[in-house]
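Single-structure report; data block below.
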Amino acid sequence: MSIMEKNIWDYNIQSHRSPTEIIESQVKLTGKLYNDLSLISQQFGSSLHPCFRDSGHTETEIPYFSAISHRFDNFSIKILCIALAGCPTRMVKFNNCELTPEQIDILVPCLNFEHVPWLQIDWNPLPDNKFADLVREGSKVQLLSLRVSNLGDDAFRLICDNLKSNKFLKTMDLYGNYVSNLAPLAEVLDANRFLINLNIGKNLITDDGLSCLVGVFGKLEFPEDKVEEYRKKEKELAKIKAQKNRGKVLEPEAPADELIQDEESKQYFLLKNKVFRHLNISFCCLTKCDNLKAILSHCLGNFKAVISFNPLPQEQVELLQKSFPNSLVI
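Heads up, the sequence shown is in full-length UniProt numbering, so the first residue is 1 and it goes up one at a time.
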């Protein structure tokens, strides 16, 4: 084989190499992503993956990694993960790359660093549990995109199980999948105070499916006979938190729910989950809007719902626009 042929990346050749051949302790990183990708590949006798070629960023820019319709072998994925560990990036993007469960396992430890704030794995079906691994304990991904990845209710439930305690993910994009059951999302919004945006457009969402989100977030009436008990719990939790945090490096803190009283009516309200403020349910299956109206009637001023291209009767669309002009994108 000529030197030129040896330098041409070939999936069938590379796929026979094991990631265990790479001895991480021998790698010296420069902190420049594409430079490190080239050096590590050269150090361990690997042809340079086509996506590892310098994309032309200036040195002052925070780089990003983008792969579209390229297959990866496990060896190259391992090289990428080592390089990412030493270089902050804006985004790591795989679009239609046929990543395997084994490659997700190699990738997941990278997500424990804040070097990968934006992870995009679109057009990439995976086993249900592998989607959830991307937001498991330790993951510091802030934006996760899993568009058009054949993701259904079981995968969504597993993702949501991990999101309940996740303190970093702010935006999740699940556009173009097969989610219909939003009960796991209701549990997330009840417990999580870090998720801001969710795109579940072009899924199997109906108005009946939205019923579990009614009363989960927003400005909710609070019974007066429970106020004293609530205030007492607030003080106890604050005391416990202060004791736990003493002498520790503080983690991101969730904005607290707020109990208020209307001056005129004297009615108490709980401002619950003030963080979640954007829900995209465009291109879904809404043919009526009873539960949607109930959600919007309680939402806070910064909340927006996108409901474009649902099969709603025109008169209902017009009524929604009139009733909730600041909370809807139609």
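Don't be surprised by glycine CBs; every beta carbon is placed ideally from N, CA and C.
Sequence-distant partners of Q261 (beyond 5 residues in either direction) whose C-beta falls short of 6 Å from its own C-beta, in its chain, are Y268.
The C-beta separation of R71 from C97 comes to about 7 Å, placing the pair in contact by the 8 Å criterion. In this structure, the straight-line span from the alpha carbon of N150 to that of F131 is close to 11 Å. Here DSSP, grouped into helix, strand and coil, assigns I260 to strand. The distance from the Cβ of V27 to that of I82 is about 6 Å, consistent with a contact at the 8 Å cut-off. Contact check for I200 and L174: beta-carbon distance about 5 Å, within the 8 Å limit, so the pair qualifies. DSSP places Q321 inside the alpha helix (DSSP H), whose first and last residues are Q314 to S323.
Counting the other CB atoms within 10 Å of its CB gives L146 a total of 16 or more, which places it among the buried residues.
The segment 28-37 makes no contact with the segment 6-18, as fewer than three CB pairs between them are under 8 Å. Counting the other Cβ atoms within 10 Å of the Cβ of R193 gives 16 or more, which makes it buried. Where I104 is concerned, the enclosing alpha helix (DSSP H) starts and stops at P101 to L107. C-alpha of S66 to C-alpha of L119: approximately 10 Å in a straight line.
With a 10 Å radius around the Cβ and a threshold of 16 neighbouring Cβ atoms, I106 comes out buried.
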